[in-house]
Amino acid sequence: MSIDRERHDLHKYDKQIDATRIRLKDLDQLKVREDVFDDITLLALYKMVNRGWLSAIGGSISTGKEANVFLADRKEERVAIKIYLTRTANFQKMQDYIAGDRRFMNIGKNRRDIVFAWTRKEFSNLKRAADAGLAVPKPLVFDRNILVMEFLGENEIAYPQLRIAHIPDPKKVYAELLEAIRTLWQDAKLVHGDLSEYNILYGGGKAFLIDMGQAVPPDHPHAFTFLRRDVEQLNRFFSPLCETKELIEAMRYITGIAHLPEKAGTEQ
């Protein structure tokens, strides 16, 4: 669809906005700029409202270089919407993760195509993880650069990142996260690829894996490199808090490969 046609459709949906009662609350206060709610994003939002996928957009949950996350309503349900920034996202980084993933071959090379593919990729990865029984935000629907998913929090307040959360039993949480990475690899057939205390939420006595757009399957050419880095990051965070598993032993446990070489994942 051409940009002119999209703008024509945008104006058409604009006329329906009062009927759908979408609310963009306190945009000045949230410092939302055109690089967040550009024409492409607004058109996708209006389509979601028109189809009943969203009824209202509320306050900001998080902001970042790649995406902003907002609290939203879907009928009587609280959800989170993640909006990937079509103008400022690190499109080269996205392209590098997509390039070796056989599920996402033959996509376009321009920025918009890459961002749209990344959104679809995160939806697919979250669904795989959720289907494997992992604690992740359940993905609900996506369109273009927007992903709608389960809101993780209470009373409209999102669960904190692991780095600032109160963890009553670090040893237990560390073991649960190792088990989660193992299930992710063996059952969901994925490696997170960017796991750290910034991409784990903790609340309700449970740790949740988030931000899974970059996750790749084990047959990706850099899967072991990503896995090694994930375990290193996990050990770095927890080592001051509790005893951690030796790196290669953790990788062997996760992959189920008893004789995984010591230097697995160090190859460039």
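Everything in the sequence shown is counted per this note's numbering, starting at -7 for the first residue and increasing by one.
Note that beta-carbon positions come from the ideal geometry of N, C-alpha and C, so glycine has one too.
inquiry  = When you measure from the CB of residue 43 to every non-hydrogen atom of the ligand ZN, does any distance come out below 7 Å?
reply    = Because no ligand of any kind appears in the structure shown, any question about the ligand ZN cannot be addressed here.
ask   = Measuring CB to CB, does residue 72 end up less than 8 Å from residue 129?
value = Taking 8 Å as the Cβ cut-off, residue 72 and residue 129 qualify as a contacting pair.
request  = Can you tell me which of 245, 236, 254, 213 puts its alpha carbon nearest to the alpha carbon of residue 94?
outcome  = Of 245, 236, 254, 213, the residue nearest in Cα terms is 213.
task = Would you tell me roughly how many angstroms separate the C-alpha atoms of residue 136 and residue 251, rounded to the nearest one?
result = Their backbone Cα atoms lie some 43 Å apart in a straight line.
key: Range covered by the alpha helix (DSSP H) that runs through residue 118   = 103 to 123
task = Measure the beta-carbon distance from residue 86 to residue 99 and round it to whole angstroms, keeping in mind my assumption that it falls under 8 Å.
result = 11 Å between Cβ atoms; not a contact.
key: Closest by C-alpha distance to residue 256, when choosing among 127, 245, 220   = 220
ask   = What does DSSP give as the partner residues of residue 145 in its beta bridges?
value = 150
message = For residue 233, which residues in the same chain have their Cβ closer than 6 Å to its Cβ, ignoring the five residues on either side in sequence?
response = 162
ask   = If you follow the alpha helix (DSSP H) that residue 254 is part of, which residue opens it and which one closes it?
value = First-last for residue 254: undefined, no H or E at that position.
request  = Determine contact between the region 194 to 209 and the region 106 to 115, defined as no fewer than three beta-carbon pairs at a distance below 8 Å.
outcome  = yes
inquiry  = Checking 8 Å against the spacing of the C-beta atoms, do residue 151 and residue 194 come in under that value?
reply    = yes
Range of the contiguous beta strand (DSSP E) that encloses residue 96 = Here residue 96 belongs to no beta strand (DSSP E), and DSSP marks it neither H nor E.
Residues near residue 119 by beta carbon distance below 6 Å, same chain, minus five either side = 131
query = Got a sec, what are the start and stop residues for the beta strand (DSSP E) residue 66 sits in?
reply = 59 to 66
message = Is it the case that the region 163 to 174 contacts the region 138 to 145, given that we only count it when at least three CB pairs across the two stretches are under 8 Å?
response = no
query = For the candidate residues 236, 134, 147, whose alpha-carbon lies nearest to that of residue 109?
reply = When only C-alpha atoms are compared, the closest one is 134.
message = By the three-class DSSP mapping on this structure, what secondary structure does residue 198 have?
response = strand
message = Considering Cα atoms alone, identify which of 67, 63, 79 is closest to residue 47.
response = For residue 47, the nearest C-alpha among the options comes from 67.
ask   = Is residue 128 helix, strand or coil when you go by DSSP?
value = coil
Beta-carbon gap between residue 222 and residue 184 smaller than 8 Å = yes
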